[in-house]
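Numbering-wise, the first sequence is residues 3 to 585 according to our numbering.
Where is the CB? At the ideal position from N, CA and C, for every residue including glycine.
See below for the structure under consideration.
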Amino acid sequence: MKASQLLSPTLRETPAEAEVISHQLLLRAGFIRKSAAGVYTYLPLAQRVLKKISDIVRQEMDREDGQEITLPIIQPAELWQESGRWNVYGDELFRLKDRHGRDFALGPTHEEIITDIVRGEVHSYKQLPLLLYQIANKYRDERRPRFGLMRGREFIMKDLYSFDRDEEGLAVSYKKMYDAYSRIFTRCGLKFRPVEADAGAIGGTGGTHEFMVIADSGEADIVYCDACDYAANVEKAEAKASIGAKETALELEDVSTPAVKTIDELASFLGVSPEKMIKTLVYRTEKGLVAALVRGDRQLNEIKLQNLVDTVQLHLADDETVRLLTGAAVGFAGPVYLPKSVCVQGEEITVKIIADEEVIHISNAVTGANKTDFHFRNVNHGRDFTPDQVADIRLAEPGEPCPRCDAALKSARGIEVGQVFKLGTKYSKALGANFLDENGKSREMVMGCYGIGVSRTMAAAVEQNYDENGIIWPVSIAPYHVVVVPVSSKDEEQVKAAEKIYQELKDLGVEAVLDDRNERPGVKFKDADLIGYPVRITIGPKTLAENKVEVFVRQQGQTTLEAIDSVAQGVAGLINQEVACLS
RNA sequence: CGGGACAUAGCGCAGUUUGGUAGCGCACCUGCCUUGGGAGCAGGGGGUCGCAGGUUCGAAUCCUGCUGUCCCGACCA
């Protein structure tokens, strides 16, 4: 491709709307343009990157006998009503009506429609397992689209659905996808980590892993262990209880603590360390109130609590409810003598006390006394309070022991680019996707679903590979491998040499761009760095006299001199070697 | 959905306080010149100042309403 004809409108300045680096660079380097909030046009360079990523995904899906299909984006409301998600999915579902007033949705995900196809066409155990996938646009009307391609309302996703006879079959399919995903992100040249994750609203019976591209700009917090393989999203990460020394229980006493509300204030006021305190957080759920207890120096993990209580709604109770429950101002709640129920606006609401495992092992703890400006000292589990449930409900933090091997946990930020789910029979049951087994007995198919954010992976690759001059594409997903730059477009000798090398590269199967624009060299170099071509070949007067050209490798920032006649061959070898290295 | 900010040429911005009919840099077009890290000179094209009302002789500027965009939070297969 000739740069003079390539639609890659680079910008000298960063558009004000772009905050994260991938958004800034993809706009500046002329890869994308915004059409509406969270909706982007992919220009030629982006299209090529997306195709490279998609091709890698396709190869690895096909390798595991995944079969590619295309499912409709416009989906009838009836299917969504059948699964129950028409009402549950909420405002995030893009809805539309046709001219007859019939309801449709733009697919945010495709469990319904794939299950519909399979229930109609697959009836025998002989046809299973079945792995079907597509690479397509997905639509989610995000409350707040942001970070450019990272969280859009229209985005490209690969989704594969597995259908198996039983849980054992599902485990096999799951493993296949897990391994395929690891190969895919490796081949894309990304530093990533599969982590244990929370299943969220999608539910399901088995485990789920998220594939995280490690980057500081990531939205997800993960903890991992270098000594063993343990890695998890903090939403899910197990926290190992640290048990303090047992002391002789002293007599319960209340102590005046005027206007001392926070753990820190209390620690300095009483001279007691936070790990000897019990923090009490009151939550309101559709199943009543929950008083959650964690050690003073710990943080509650709301997702663990929500899963434990099995609620849809979980929000911190408002001040008024806390006052009614404890009979005290906010900041003085505690488990001792906490009422079993409370009357809020004429409604009787039950209260459940749930304690983190560590809490019941604190001897002579300090807690709120449910009396304004008072706390209790010497609170002991069993004698002074008895939780309804004891479980791991706190947030795991870096530095604490790994739940598997006790080495110190580390933390990192990650961008979720893929997730694998064991769905079980949730959708096959709702939509009636059954098959007959060897005994002629009808059974529900056991499903899994596996997503990769293709457009997000492109953005994640930029987040992980850039410098102050621009993008540094991994060779395997770079839009082009090489840019050939004659320093002067008016120097016939340089132009001729450049054209020759460009042609040779193309003949060798190397994807090359010839920067034939009548620009000063600085402009061409800046654009090359910004766009992120892995290799730049520069033909200039200094070296041409010796029949040599410069080869600049973007990743290493190093320049070497090569003979004109062999440079194409050499660069082709380098490119092939790089790609092979990744797969 | 709560809080905050912004909206003037493709991009970055000034002009708004104090109303007088729109400007700068980059980009774009023509010519000259130049060619090793976003050159220089000369000429040129491009904007119903987000939209709709209102005040006024006159509105980018003041008032009202709306829309869009971004950030923080809540939310999120």
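(request) Compare the C-alpha of ALA463 against each of LYS36, ASP161, SER219 and ARG286 and name the closest. (result) Here residue 463 corresponds to residue number 461 of the first sequence, with the count starting at 1. For the residues LYS36, ASP161, SER219 and ARG286, the minimum Cα distance to ALA463 belongs to SER219.
(request) Quick one: residues in its chain with C-beta nearer than 6 Å to the C-beta of ALA530, no 5 flanking neighbours on either side, listed in chain order? (result) Mapped onto the first sequence, residue 530 falls at position 528. If the five residues before and after ALA530 are omitted, its C-beta is found closer than 6 Å to the C-beta atoms of VAL485 and ARG538, all from its own chain and listed in chain order.
(request) Within 10 angstroms of the Cβ of ALA247, are there 16 or more other Cβ atoms? Answer buried if so, exposed if not. (result) Working through the first sequence from its first residue, we reach residue 247 at position 245. Exposed is the call here.
(message) What would DSSP say about TYR226, mapped onto helix, strand or coil?
(response) Indexing the first sequence from 1 puts residue 226 at position 224. Residue state, collapsed to three classes: strand.
(request) Check whether the region 399-408 touches the region 321-337, counting contact only when three or more Cβ pairs, one atom from each stretch, lie closer than 8 Å. (result) The region 399-408 is not in contact with the region 321-337.
(request) Could you say if the region 507-522 and the region 471-486 meet the contact criterion of at least three C-beta pairs nearer than 8 Å? (result) Proximity of the region 507-522 to the region 471-486 meets the contact definition, three or more beta-carbon pairs being nearer than 8 Å.
(request) Would you kindly work out how many angstroms separate the C-alpha atoms of ILE351 and GLU360, rounded to a whole number? (result) As a working mapping, residue 351 is identified with position 349 in the first sequence. As a working mapping, residue 360 is identified with position 358 in the first sequence. Counting only the Cα atoms, GLU360 lies some 27 Å from ILE351.
(message) For a test of the three-state rule: what should DSSP assign to LYS492, helix, strand or coil?
(response) The sequence position of residue 492 within the first sequence is 490, counting from 1. Residue state, collapsed to three classes: coil.
(request) Take ASP105 and list the residues in its own chain whose beta-carbon comes closer than 7 Å to its own, dropping the five residues that flank it on each side. (result) Residue numbering aside, residue 105 sits at position 103 when the first sequence is read from its first letter. The residues are ALA79, ARG97 and LYS99.
(request) Measuring alpha carbon to alpha carbon, tell me which of LEU81, HIS125, LEU546 and GLY122 ends up nearest ALA107. (result) Here residue 107 refers to the residue found at position 105 when the first sequence is read from its first residue. Among LEU81, HIS125, LEU546 and GLY122, the Cα nearest to that of ALA107 belongs to LEU81.
(message) My parser needs the beta strand (DSSP E) runs of 3 or more residues fully inside the region 273-355; what are they?
(response) Listed in chain order, the beta strand (DSSP E) runs fully inside the region 273-355 are 280-287, 290-297, 316-318 and 343-346, counting runs of at least 3 residues.
(message) In this structure, how does DSSP classify ARG415 when only helix, strand and coil are distinguished?
(response) Counting from one through the first sequence, the residue named residue 415 turns up at place 413. Strand at ARG415.
(message) I'd like the list of long-range same chain contacts for ALA201, defined as Cβ closer than 6 Å, with 5 residues on each side in sequence excluded.
(response) As a first step, residue 201 must be located in the first sequence, where it is residue number 199. The answer, listed in chain order, is THR210.
(request) Could you check what DSSP says for VAL392 in three-state terms: helix, strand or coil? (result) As a first step, residue 392 is located in the first sequence; it is residue number 390 there, counting from the start. The three-state secondary structure of VAL392, taken from DSSP, is strand.
(message) Just to confirm the assignment, what range does the alpha helix (DSSP H) spanning MET460 have?
(response) As a position in the first sequence, residue 460 is number 458, starting the count at 1. For MET460, the enclosing alpha helix (DSSP H) begins and ends at 456-466.
(request) Report the rounded CA-to-CA distance for VAL41 versus VAL353, giving the unit in angstroms. (result) For the purposes of this step, residue 41 is identified with residue 39 of the first sequence, where counting begins at 1. For the purposes of this step, residue 353 is identified with residue 351 of the first sequence, where counting begins at 1. Distance between the alpha carbons of VAL41 and VAL353: 45 Å.
(message) Spatial neighbours of ASP311 within its chain, please: C-beta separation below 7 Å, excluding the five flanking residues on both sides.
(response) Translated into the one-based positions of the first sequence, residue 311 becomes position 309. Looking at the sequence itself, residue 311 is Val, so the reference to Asp does not match. Contacts found: THR287, LYS289 and VAL292.
(message) I'd like the span of the alpha helix (DSSP H) that includes SER478, first residue to last.
(response) Working through the first sequence from its first residue, we reach residue 478 at position 476. The continuous stretches of alpha helix (DSSP H) do not include SER478, and DSSP gives it neither H nor E.
(request) Please confirm if the region 22-32 is in contact with the region 420-437, defined as three or more CB-CB distances below 8 Å between the two stretches. (result) No, the region 22-32 does not touch the region 420-437.
(message) If you reduce the DSSP assignment to three classes, tell me which class ARG145 lands in.
(response) The residue given as residue 145 occupies position 143 in the first sequence. The answer is coil: DSSP assigns ARG145 none of H, G, I, E or B.
(request) Have a look at VAL257 and HIS383 and give me their C-alpha separation to the nearest angstrom. (result) The residue given as residue 257 occupies position 255 in the first sequence. The residue given as residue 383 occupies position 381 in the first sequence. Their backbone Cα atoms lie some 19 Å apart in a straight line.
(message) Three or more C-beta pairs under 8 Å: does that hold for the region 63-74 against the region 173-189?
(response) Taking one beta carbon from each stretch, the region 63-74 and the region 173-189 have 3 or more pairs nearer than 8 Å; the two touch.
(request) Identify the continuous alpha helix (DSSP H) that holds ASN366 and give its terminal residues. (result) Walking along the first sequence from the start, residue 366 turns up at place 364. From DSSP, ASN366 is part of no alpha helix (DSSP H); its letter is neither H nor E.
(message) Here's a check: name, in chain order, each residue in its chain whose Cβ is nearer than 6 Å to the Cβ of ALA393, leaving out the five neighbours to either side.
(response) For the purposes of this step, residue 393 is taken as the residue at position 391 of the first sequence. So the list reads LEU310, once near-sequence residues are dropped.
(request) Return yes when the Cβ of LYS443 is within less than 9 Å of the Cβ of ALA367, no when it is not. (result) On the first sequence, position 365 is the one that residue 367 refers to. On the first sequence, position 441 is the one that residue 443 refers to. No, the Cβ-Cβ distance between ALA367 and LYS443 is not below 9 Å.
(message) With distance defined between alpha-carbon atoms, name the residue in PHE334, LYS428, ILE224 and ARG519 nearest to ILE265.
(response) As a position in the first sequence, residue 265 is number 263, starting the count at 1. Answer by Cα proximity: PHE334.
(message) Here's the rule: buried if 16 or more other CB atoms are within 10 angstroms of the residue's CB, otherwise exposed. What is CYS190?
(response) Within the first sequence, numbered from 1, the residue matching residue 190 stands at position 188. Buried, by the Cβ-count rule.
(message) Closer than 8 Å to a non-hydrogen atom of the ligand GTP - does that hold for the CB of GLU249?
(response) Absence of the ligand GTP is noted for the structure shown, with no ligands found whatsoever.
(message) What does DSSP give as the partner residue(s) for CYS451 in the beta ladder?
(response) In the first sequence, the residue the question calls residue 451 occupies position 449. Paired residue(s): TYR163 and PHE423.
(request) Could you spell out the range, first to last residue, of the beta strand (DSSP E) harbouring GLU564? (result) In the first sequence, residue 564 corresponds to position 562, counting from 1. Segment 560-565, the beta strand (DSSP E) holding GLU564.
(request) Give a yes or no on whether the C-beta atoms belonging to ASP161 and THR111 are separated by under 9 Å. (result) As a working mapping, residue 161 is identified with position 159 in the first sequence. As a working mapping, residue 111 is identified with position 109 in the first sequence. Yes, they are a contact pair.
(request) Check the C-beta distance from PRO46 over to LEU13 and give it rounded, since I have them as a contact under 8 Å. (result) Position 44 of the first sequence, counted from the start, is the residue given in the question as residue 46. Position 11 of the first sequence, counted from the start, is the residue given in the question as residue 13. Wrong, their Cβ atoms sit about 16 Å apart, outside the cutoff.
(request) Using only alpha-carbon positions, find the residue among ASP181, TYR285, GLU114 and HIS363 that is nearest to ARG87. (result) On the first sequence, residue 87 is found 85 positions in, with the first residue counted as 1. Considering only alpha carbons, the answer is GLU114.
(message) Buried or exposed, going by whether 16 or more other CB atoms sit within 10 Å of the CB of CYS227?
(response) Start at 1 with the first residue of the first sequence, and residue 227 comes out as number 225. Under a 10 Å Cβ-count criterion, CYS227 is classified as buried, with 16 or more other Cβ atoms of the shown protein chains found around its own Cβ.
(message) If you reduce the DSSP assignment to three classes, tell me which class ALA234 lands in.
(response) Along the first sequence, one-based indexing puts residue 234 at 232. Under the three-state reduction of DSSP output, ALA234 falls in the strand class.
(message) Assuming LYS177 is part of the alpha helix (DSSP H), what are its boundary residues?
(response) Taking the first sequence and counting its residues from 1, one reaches residue 177 at position 175. Run containing LYS177: 169-189, per the alpha helix (DSSP H) assignment.
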